[in-house]
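First to last, the protein sequences are chains A and B. Sequence positions in the first sequence follow full-length UniProt numbering and run 1 to 647. Sequence positions in the second sequence follow full-length UniProt numbering and run 1 to 647. By construction, the Cβ of each residue, glycine as well, lies at the ideal position given by its N, Cα and C atoms. So the structure is just underneath, and the comments pick up after that.
Number of protein chains: 2
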Amino acid sequence: MENNNNNNIIMHSHHCVEMEVHHVVPPPHKSTFQKLKARLKETFFPDDPLRQFKGQPLKTKFVLGAQYFFPILQWGPNYTFQLFKSDLIAGLTIASLAIPQGISYAKLANLPPIVGLYSSFVPPLVYAVLGSSRDLAVGPVSIASLVLGSMLRQEVSPTTDPLLFLQLAFTSTFFAGLFQASLGILRLGFIIDFLSKAILIGFMAGAAIIVSLQQLKSLLGITHFTKQMGLVPWSWQTILMGICFLILLLLARHISIRKPKLFWVSAGAPLVSVIISTILVFAIKGQNHGISVIGKLQEGINPPSWNMLRFHGSHLGLVIKTGIITGILSLTEGIAVGRTFAALRNYKVDGNKEMMAIGCMNVVGSFTSCYVTTGAFSRSAVNNNAGAKSAVSNVVMSVTVMVTLLFLMPLFQYTPNVVLGAIIVTAVIGLIDIPAALLIWRIDKFDFIVMLTAFFGVIFISVQQGLALAVGLSTFKILLQITRPKTVMLGKIPGTDIYRNLHQYKEAVRVPGFLILSIEAPINFANITYLNERTLRWIEDEEDNKKEHSSLQFVILEMSAVSAIDTSGISLFRDLKATLEKKGIELVLVNPLAEVIEKLKRVDEANDFIPTQNLFLTVGEAVASLSIAMKNQSTIPEGAHTIVPHY
Amino acid sequence: MENNNNNNIIMHSHHCVEMEVHHVVPPPHKSTFQKLKARLKETFFPDDPLRQFKGQPLKTKFVLGAQYFFPILQWGPNYTFQLFKSDLIAGLTIASLAIPQGISYAKLANLPPIVGLYSSFVPPLVYAVLGSSRDLAVGPVSIASLVLGSMLRQEVSPTTDPLLFLQLAFTSTFFAGLFQASLGILRLGFIIDFLSKAILIGFMAGAAIIVSLQQLKSLLGITHFTKQMGLVPWSWQTILMGICFLILLLLARHISIRKPKLFWVSAGAPLVSVIISTILVFAIKGQNHGISVIGKLQEGINPPSWNMLRFHGSHLGLVIKTGIITGILSLTEGIAVGRTFAALRNYKVDGNKEMMAIGCMNVVGSFTSCYVTTGAFSRSAVNNNAGAKSAVSNVVMSVTVMVTLLFLMPLFQYTPNVVLGAIIVTAVIGLIDIPAALLIWRIDKFDFIVMLTAFFGVIFISVQQGLALAVGLSTFKILLQITRPKTVMLGKIPGTDIYRNLHQYKEAVRVPGFLILSIEAPINFANITYLNERTLRWIEDEEDNKKEHSSLQFVILEMSAVSAIDTSGISLFRDLKATLEKKGIELVLVNPLAEVIEKLKRVDEANDFIPTQNLFLTVGEAVASLSIAMKNQSTIPEGAHTIVPHY
């Protein structure tokens, strides 16, 4: 066995010399146009939406096309009564939540309460036809309401000029919808990716705090808490009622969080609160005790509002800005909610298609007295919990809201405003996600700073500037990673041909005579100066530590992580090679990827400036092959691996 | 031998099962503060300037520190007469070039010709003390002159209000110097890296064309070519003289390009042209023939100008902007020239230190009637060719200019302006680098577009907007690379354990049951949506092509190129894992780098969400190990590799 084993080593060594060196090859030639086409496809059509159309007859293509734009044609024909029963229950459940929330959020946006109900009627119907999510419950949401209200208030007062304010709100909604639909049509959906999770967590918490402080004031009847709020007359009855219902609602929320099966407790609590408080105020004649109520609301469904859109005048800039910001924010929420539930229930939601659906919904909404709507996270969760199977639950909700608008409006006359405040506070408190913030702190400190920037920016500066700061900071981080890429020294893991980070793998050892560096970023104009200096510093450090008997002969650059290179990057190699040549060191590249090898070859087609014998497929092969070359130069061969193959 | 060989295979297979699997380990723990420190060091001190101070006695530290700020202390003591002889010749050569160029460039900047000579006197002296390049020849340059002149002319006319124009020029120079020195002190030198090679080539060619057209007009005596130029009276003598000297100068340039040893032909040509033309005009009494001349120049060295700096008034914004843009441009030129010759002659130039030197030089210059100066490429090349050994050649040049200022100014009285135009045109034509542009086209089409953007932007829009467009475009490209990272399918190269891009390596084959993807970019908020969709599409494609008998069991993600990850990136893995689990596919990660493994471990320390048995060091090990697991599950073992080890 001993002998056998020995033989085996020799065999292995033979193997090393003869077989282990594989060539780096450039990818097959593609024309600039083909590359451009592939690049554009990956940029704008990463989901390859036309894939299903391939090789189908014309009629099928037409049907598929119609189904693409109107998903209802896809699931509609297979819809059953069984599914409808589930959707009916879910729809009624979310309607019971949507009606009080609709009224409350409209107040948050400084709009008449009834606009909140209008916005819960038309948009869900539009979404049911165009949308591809089965769980999204559509309607007004707290964040977009807050942002819309506070941005428009910068120029127009909702109390002194309510009509103009309403006009601007509808116009902003129109621009929001237009912007959302354009993102979808132009396939620029990746823009919303720049509002990262960290930013959203910080932003939502900040917004929740602003909203809570505003509402707390009206809840407690404090005046002059901020200048922008109207006066609320002081009354202990209001305070008592506010506190009681807030506790009730928070309790209901707490129960539902603890036992997800009891989701209907928090889902029903707002409507129950509205009903109880309305009866109470009616019974004790609350107006006489200083409790402010909603008052008379106009009956009837949405009046048209296309004549209220203002595309001229001094507020146009503000309106467009408001439209874009509320559009992005509501889109982000809607898409995130849709994706979350799609992943949970294992179906797919097409981001760009959803953008078009949400955009159309808002454009139509702006014509029918609705303000910005999207898929709300809380209501969609209730929808899902209540067993919704399709967008029909939105239709059920919409019909319920319609019935309310037509026949039940007088019932809200005595609903106290303070209960609406309690409903808003309960909703926005759910936006503060401390565990997620802690997780971010644990995983990535920089993301945590971005989160704090969004949080404090929104609270102390403004929504748009806070968000812009946070997005700028996170983009800057990405650029900084490119500008200062990591270079890592690799060592051999004993007993293998594997070379890994010396710092991470303590057992890895350095190979004398070689400096093996891994460059971990694309090489381009923004980092060549740094990479040049850093590489030279590695080499100088190496030359200073001449404790090993052999001096530096080869610098091996492991290029597996260099996914792209530009003309400046190519010049880096030329400069490095020239500098190393003066020191008598050879430059060796390992595993340059397709794009890199292609560009290196193109520099000087006549005489390769990185010759083929200095290109290897793995570090192991490079070291083995170059070691043999090194030892063949020296006089005394040493070690088993240099035994001449015996054939 | 047959038997032996067989045995060998079994041994190898045994080896596979027992030894080939190596564990992925997280890097040793470092505190957040340590990481921050390391990060800041790499960002701002990549060259580790304090390295040489380590472990030195206090006195040496002091000497080293003084030498750091005043490089003259480093080379001064070792300076010899032998070196001085070389520097004297080089200094006189560049002076002969600097005097006519100084006068010409000052005219290009719409400044009095004498300011160009002032700027060739003080700044070279400052640079000789502070600068670390041995080859840089300091003085006014064409690009900065053009930009300064054209930017200031936007608000102030140099003909109707020459004093104000001069004041603004000195103030801009002050801000340019301040900005340059600040970049050096704050170690933000990497900002100039964003002016990539491609941008500079396009920009310089564009600037050269603008300048040439302007000068051609004055050369040919055409008026109203652009509105901004003054009138030049038509005279055939001027045209003839202009054409003759332009041909002479271009010829001299051509000779020097063809035979680098004859560099002195083009170096001396401008001075010769000035002398001949001056004598000619004096002899034929040129003024009577409509040839415009420089006229009387004031004798004496630089008057102080600190009282001319204007830090108030309506032009402050323009002056600061001009200072920043000319500052960046001249810095880029100076640093690039310094680095080029340092690499050529094998010494090092510290970018941040050079920025401080050039910045100080301009601040001092703004106090002494100089406008923006830097190291000029053409003159530095002449300096180097003429045998300059140190910054003393700058001192020689400066002294020569001083002598000229003191005693020789009357000689320039009859120098015709048309010769200065010819000198400028010859200089800027050298800025158009067609071969470099062609190389960029060959290597990288996108860089070529960036170059064209800079080129046409400068010609048709303006210097600052053209540059901003080009920088924006190239930054956008980097962000796009991050937003749409490449994912590549890997296959096994037969006879090895190496897995490489199937598209690049045609001999590579896919392993049934495995989908092996390499992700080639850091994973962050900007690309998780794309990566999620793209990966799922790979998997769906794989499921569609179920030609192989075995269905997909493992998705292996090769992570060697994922140099960084953020919290969003972590959530990508969570989502992917959940989606794959529903399909009965396992997610396996290969070679996650230090940062990635660390963050993955931190997500949920109690239960690993990527368990250790799904982490491998190489794709080969992962496939080998998982294949065995797969086959152990199936009932019939097949193939030689599944032979149970025989120990």
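Could you tell me whether the Cβ atoms of residue i and residue j are closer together than 8 Å?
{"i": "A386(B)", "j": "A98(B)", "result": "no"}
{"i": "M204(A)", "j": "L431(A)", "result": "yes"}
{"i": "M355(A)", "j": "V138(A)", "result": "no"}
{"i": "V428(A)", "j": "V272(A)", "result": "no"}
{"i": "Q413(B)", "j": "G290(B)", "result": "no"}
{"i": "G268(B)", "j": "F455(B)", "result": "no"}
{"i": "R534(B)", "j": "T43(A)", "result": "no"}
{"i": "W264(A)", "j": "T404(A)", "result": "no"}
{"i": "S256(A)", "j": "S266(A)", "result": "yes"}
{"i": "S398(A)", "j": "L73(A)", "result": "no"}
{"i": "G189(B)", "j": "L183(B)", "result": "yes"}
{"i": "P304(A)", "j": "T373(A)", "result": "no"}
{"i": "L158(A)", "j": "A106(A)", "result": "Residue identity check: residue 158(A) is Pro in the sequence provided, not Leu. The answer is no: Cβ separation not under 8 Å."}
{"i": "V603(B)", "j": "Y499(B)", "result": "no"}
{"i": "N302(A)", "j": "F121(A)", "result": "yes"}
{"i": "L297(A)", "j": "M402(A)", "result": "no"}
Which same chain residues, not among the five before or five after residue i, have their C-beta less than 6 Å away from its C-beta?
{"i": "T171(A)", "result": "L309, R310 and V319"}
{"i": "G65(B)", "result": "none"}
{"i": "I449(A)", "result": "none"}
{"i": "G334(A)", "result": "I358, T374 and G375"}
Taking the beta strand (DSSP E) that residue i falls in, what are its first and last residues?
{"i": "N501(B)", "result": "Y499 to N501"}
{"i": "L490(A)", "result": "T487 to K492"}
Counting along the chain, where does the alpha helix (DSSP H) carrying residue i start and finish?
{"i": "M356(A)", "result": "G351 to F367"}
{"i": "Q67(A)", "result": "L58 to F69"}
{"i": "G387(B)", "result": "Note, G387(B): premise wrong, no alpha helix (DSSP H); not H, not E."}
{"i": "L439(A)", "result": "I434 to I443"}
{"i": "A144(B)", "result": "S142 to R153"}
{"i": "R39(A)", "result": "T32 to F44"}
{"i": "A422(B)", "result": "N417 to I429"}
{"i": "A336(A)", "result": "L316 to R345"}
{"i": "F476(A)", "result": "V463 to T483"}
{"i": "M397(B)", "result": "V392 to V403"}
{"i": "Q74(B)", "result": "I72 to W75"}
Beta-carbon within less than 7 Å of residue i's beta-carbon, same chain only, minus the 5 sequence neighbours each way: which residues are those?
{"i": "V349(B)", "result": "S132, S133, G338, R339 and A342"}
{"i": "I434(B)", "result": "none"}
{"i": "Q215(A)", "result": "G421, I424 and V425"}
{"i": "P27(A)", "result": "A594 and E598"}
{"i": "L108(A)", "result": "S142, S145, L146, G149, V211 and I424"}
With a threshold of 8 Å on Cβ separation, who are the neighbours of residue i within its own chain once the five nearest residues in sequence on each side are excluded?
{"i": "V588(A)", "result": "F554, V555, I556, L557, N614, L615, F616, A622 and L626"}
{"i": "L517(A)", "result": "T487, V488, M489, L490, T535, W538, V555, I556, L557 and E558"}
{"i": "Q481(A)", "result": "A521"}
Under 8 Å, Cβ to Cβ, is there at least one residue of chain E near residue i?
{"i": "T374(B)", "result": "The question asks about chain E, but that chain is absent: this structure's protein chains are A and B."}
Contact the region 369 to 387 of chain B vs the region 92 to 108 of chain B: 3+ CB pairs below 8 Å: Result yes; three or more Cβ-Cβ pairs closer than 8 Å.
Within the UniProt domain "STAS" (504 to 626) of chain A, ranges of the alpha helix (DSSP H) (whole runs, at least 4 residues): The UniProt domain "STAS" (504 to 626) of chain A contains, as complete alpha helix (DSSP H) runs of 4+ residues, the segments 528 to 544, 567 to 582 and 594 to 603 (chain order).
Contiguous alpha helix (DSSP H) assignments of at least 4 residues, all confined to the region 186 to 269 of chain B: Whole alpha helix (DSSP H) segments, 4+ residues: 197 to 220 and 236 to 258.
Any alpha helix (DSSP H) of 4 or more consecutive residues that is wholly inside the region 85 to 127 of chain A: Segments of the alpha helix (DSSP H) lying fully in the region 85 to 127 of chain A: 113 to 118.
Meets three-Cβ-pair contact criterion under 8 Å: the region 560 to 567 of chain B and the region 441 to 448 of chain A: For the pair of segments examined, the region 560 to 567 of chain B was found to touch the region 441 to 448 of chain A: the number of CB pairs separated by less than 8 Å reaches three.
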